[in-house]
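Chains as they are written, first to last, in the numbering used here: chain V, 6 to 209; chain C, 3 to 255.
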Amino acid sequence: MKAVNAYPPSLRRCLEELQKLPGIGPKSAQRILFHLLERGAGASVELAETLLALGKRVERCPDCRAFKEAGAACALCGDPSRDGRLLCIVESAADVLLIEGTGEFRGHYHVLHGLLSPMKGIHPEQLGLEVLDRRLGGGTVEEVILATPPTAEGEATASYLANHLAGRVAQISRIAYGLPVGTDFQYVDTLTLSRALSGRRRFL
Amino acid sequence: MPALSSEAFVLLRHPLTESSWIVTLFTREEGVVRAVAKGARRTTSPFRGALEPLSRVRVEVVLKEGRELGTLRSAELLEGSLDLHGRWPEAAVLMGMGETLERALPAHAAEEESYRLLGAVLAGLRAGAPPLLAWVYFSAWLLRLHGVFPRPEGCVTCGAQGYPLLLDLGAGEWRCPRCQRQRPAEGRALTGPMASLLEAVFRSPLASLARREFPQEALSALSGMVYWALAAYLGRPLATWPALESLGGAAGP
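Shown next, in the form of structure tokens:
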């Protein structure tokens, strides 16, 4: 009999739920579980209430499809200091945080919540194109930046979006491919290197 | 421990853990082989960039007796596929071919002709073949190589040379409606223009067809027919069909 079967049912259920999270295996789930138990009931209740609030108080912004507090204005779309002429299309809400972390981009976003993958059942209808169309219909967006990852699905999605948006916005850009900063050439794969060369920019 | 060293196409990949993929490889030497690519999802992985679907790679896979999953030891990129994935209608064809081959090919059985077919279709797409024609070319040839979609040479029963002809999928034979004892259902009968197109598909490399004009109606109808036969052969519709349908083919099953 596995040791976990000796646990009370509520512990077993908690372990099962924790293991559904990405990157959490049986051992990590046990570590988290015992950490919570040792911190006392207050810690578990606080965490449970926070998680409960996620489902109740967080919703997708109807304009950018990133997450926002229910009933409140979206921190990104409602920020008047942002440049309404730029729209960056990303795969996930986590990508918004990554791009915000660079401090380089002050435009708006559109979150796809997935990449085109018919095998996984992700078709164009799931990418929120009607929201994107409505936004472009406003006429303020001048450049759309396709910031999907440089993978087969990311490239296919970018190409599909470029076809969809063609003629409806002045400029459609693709995020650049290149070498990671601080990398030795010896450790760069040939595909990245060839893309970095074909995507070179004028230096002087 | 035996290691398979072969040229291969990456057909599909699925996440196994946060850092690893399970890749389905169509190897030249041993057909379809599935392997774990440990750490391949990390940005520092030596596999990085080589495991995109439909890339042509040289791989070394460690296979253990009695285990279906091997371990990918190395993967050297020979020809990437991101150029084709970066062109939408072509990307839909690549996705359809990956799914079809993953389902149609048995594991650990080399299929040199199917391997060369895949390479030829990718070359044809790069040479500018229309995506719908490329999809028809791939499906018709794959079915023919698997013995279910023969070259139409008249009714096998009475020898009549006219059209339409109906495909007896079970026998892999063409028959006239009278011998098949069946009225030609819409989209399931091979008409004269469809037969001319199919003849061109079976006679010429896709890259050379890229420069020729074909009647769109015949191409669309042949695409629907070939897809119907493919779905019947595979036992169920393709998940990628909605994307392929957008290429302009006739309605699927």
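Positions of the beta carbon are idealized from the N, C-alpha and C atoms, including for glycine. Since this is a predicted model, take the numbers as computed values, not measurements.
Spatial neighbours of V64 of chain C within its chain, please: CB distance less than 7 Å, with the 5 preceding and 5 following residues excluded, ordered by chain position. Against the second sequence, residue 64 of chain C aligns to sequence position 62. Excluding sequence neighbours, V64 of chain C sits near M3, A5, G72, T73 and R75.
Comparing the C-beta of D194 of chain V with each C-beta of chain C, is any distance below 8 Å? Counting from 1 along the first sequence, the entry for residue 194 of chain V is found at position 189. Closer than 8 Å to some Cβ of chain C, the Cβ of D194 of chain V qualifies, so yes.
Considering only their Cβ atoms, is the gap separating L103 of chain C from F28 of chain C smaller than 8 Å? Position 26 of the second sequence, counting from 1, holds the residue named residue 28 of chain C. Position 101 of the second sequence, counting from 1, holds the residue named residue 103 of chain C. Closer than 8 Å, so yes.
For L13 of chain C and W90 of chain C, I'd like the C-alpha separation in whole angstroms. For the purposes of this step, residue 13 of chain C is taken as the residue at position 11 of the second sequence. For the purposes of this step, residue 90 of chain C is taken as the residue at position 88 of the second sequence. Going by the C-alpha atoms only, they are around 18 Å apart.
Residue ranges of each alpha helix (DSSP H) run of no fewer than 4 residues wholly in the region 122–195 of chain V, ordered along the chain? 134–142 and 157–170
Quick check on P132 of chain C: buried or exposed, where buried means 16 or more other Cβ atoms within 10 Å of its Cβ? Translated into the one-based positions of the second sequence, residue 132 of chain C becomes position 130. Buried, by the Cβ-count rule.
Quick one: what's got a C-beta closer than 7 Å to M6 of chain V's C-beta in the same chain, skipping five residues either side? Here residue 6 of chain V refers to the residue found at position 1 when the first sequence is read from its first residue. Since pLDDT at M6 of chain V reaches only 45, below the 50 mark, its modelled position is unreliable, and no value is offered.
Going by alpha carbons, who is nearest to R15 of chain C out of C:S57, C:E32, C:T45 and C:E9? As a position in the second sequence, residue 15 of chain C is number 13, starting the count at 1. Checked all of C:S57, C:E32, C:T45 and C:E9; the closest Cα to R15 of chain C is C:S57.
Going along chain V in order, which residues have a C-beta closer than 7 Å to the C-beta of H87 of chain C? Position 85 of the second sequence, counting from 1, holds the residue named residue 87 of chain C. Those within 7 Å of H87 of chain C in chain V are A157, E160 and A161.
With DSSP collapsed to three states, give me the class of R58 of chain C. Looking up residue 58 of chain C in the second sequence gives position 56. Strand.
Anything in chain V within Cβ reach of M97 of chain C, meaning under 8 Å, just list it in chain order. Here residue 97 of chain C refers to the residue found at position 95 when the second sequence is read from its first residue. In chain order: S122, P123, M124 and A161.
Buried or exposed (CB count within 10 angstroms, at least 16 for buried), D84 of chain V: One-based indexing of the first sequence puts residue 84 of chain V at position 79. It is exposed - the Cβ of D84 of chain V has fewer than 16 other Cβ atoms within 10 Å.
Alpha carbon of S15 of chain V to alpha carbon of G33 of chain C, nearest angstrom: To locate residue 15 of chain V, count along the first sequence from 1; it is residue 10. To locate residue 33 of chain C, count along the second sequence from 1; it is residue 31. Looking at the two C-alpha atoms, the distance is approximately 48 Å.
Label R140 of chain V either buried or exposed according to how many other C-beta atoms from any shown protein chain fall within 10 Å of its C-beta, with 16 as the threshold for buried. Locating residue 140 of chain V in the first sequence gives position 135, where the first residue counts as 1. Answer is buried; the Cβ neighbour count reaches 16.
Which class does S22 of chain C belong to by DSSP, given the choice of helix, strand or coil? In the second sequence, residue 22 of chain C corresponds to position 20, counting from 1. Reduced to three states, the DSSP call for S22 of chain C is coil.
With a Cβ-Cβ cutoff of 8 Å, do A241 of chain C and M124 of chain V count as a contact? Here residue 241 of chain C is taken as the residue at index 239 of the second sequence, counted from 1. Here residue 124 of chain V is taken as the residue at index 119 of the first sequence, counted from 1. The answer is yes: Cβ separation under 8 Å.
Taking 7 Å as the cut-off, is the CB of M97 of chain C close to at least one heavy atom of the ligand MN? The model depicted lacks the ligand MN and carries no ligand whatsoever.
What residues in the region 119–134 of chain C bring their beta carbon closer than 7 Å to a beta carbon of chain V? none
I need the straight-line Cα distance from I177 of chain V to S86 of chain V, nearest angstrom please. Numbered from 1 along the first sequence, position 172 holds the residue referred to as residue 177 of chain V. Numbered from 1 along the first sequence, position 81 holds the residue referred to as residue 86 of chain V. Near 22 Å, if we compare the C-alpha coordinates of S86 of chain V and I177 of chain V.
Please look up how many angstroms separate the CB atoms of L92 of chain V and H113 of chain V, rounded, as I've assumed it's under 8 Å. As a position in the first sequence, residue 92 of chain V is number 87, starting the count at 1. As a position in the first sequence, residue 113 of chain V is number 108, starting the count at 1. L92 of chain V to H113 of chain V, Cβ: 5 Å. Contact.
Are T153 of chain V and A167 of chain V close, meaning C-beta to C-beta below 8 Å? The sequence position of residue 153 of chain V within the first sequence is 148, counting from 1. The sequence position of residue 167 of chain V within the first sequence is 162, counting from 1. Not a contact, by the Cβ cut-off of 8 Å.
Per-residue burial, S210 of chain C [other beta carbons within 10 Å of its own, 16 or more giving buried]: Counted from its first residue, the second sequence places residue 210 of chain C at position 208. It counts as exposed.
Which residues in chain C sit within 9 Å of H128 of chain V, going by Cβ to Cβ distance? Here residue 128 of chain V refers to the residue found at position 123 when the first sequence is read from its first residue. In chain order: P244 and A245.
Which residues of chain C have a Cβ atom closer than 9 Å to the Cβ of T197 of chain V, listed in chain order? By 1-based counting over the first sequence, the position of residue 197 of chain V is 192. By Cβ distance, chain C contributes R50 and G51.
My output table needs one value for S97 of chain V: the three-state DSSP class, helix, strand or coil. Translated into positions along the first sequence, residue 97 of chain V becomes position 92. Correct three-state label for S97 of chain V: coil.
Label S206 of chain C either buried or exposed according to how many other C-beta atoms from any shown protein chain fall within 10 Å of its C-beta, with 16 as the threshold for buried. Along the second sequence, read from residue 1 onward, the residue named residue 206 of chain C stands at position 204. Exposed: under 16 other Cβ atoms inside 10 Å.
What does DSSP give as the partner residue(s) for Y2 of chain V in the beta ladder? Absent from the model: residue 2 of chain V. The displayed extent of chain V is 6 to 209, so no value can be given.
Quick one: is R177 of chain C buried, meaning 16 or more other Cβ sit within 10 Å of its Cβ, or exposed? Taking the first residue of the second sequence as 1, we reach residue 177 of chain C at position 175. Buried, since its Cβ has 16 or more Cβ neighbours within 10 Å.
At 4 residues or longer, what runs of the alpha helix (DSSP H) sit wholly inside the region 186–211 of chain C? 194–205 and 208–211
Taking Cβ-Cβ distances shorter than 7 Å, what residues in chain V pair up with G82 of chain C? For the purposes of this step, residue 82 of chain C is taken as the residue at position 80 of the second sequence. Those are L196, listed as they occur along chain V.
Would DSSP call A109 of chain C helix, strand or coil? Position 107 of the second sequence holds residue 109 of chain C. Looking at A109 of chain C - three-state DSSP - the assignment turns out to be strand.
Among C:L127, C:A142 and C:A245, which has the Cα closest to the Cα of L221 of chain C? Here the question's residue 221 of chain C lines up with position 219 in the second sequence. Minimum Cα distance to L221 of chain C is reached at C:A142.
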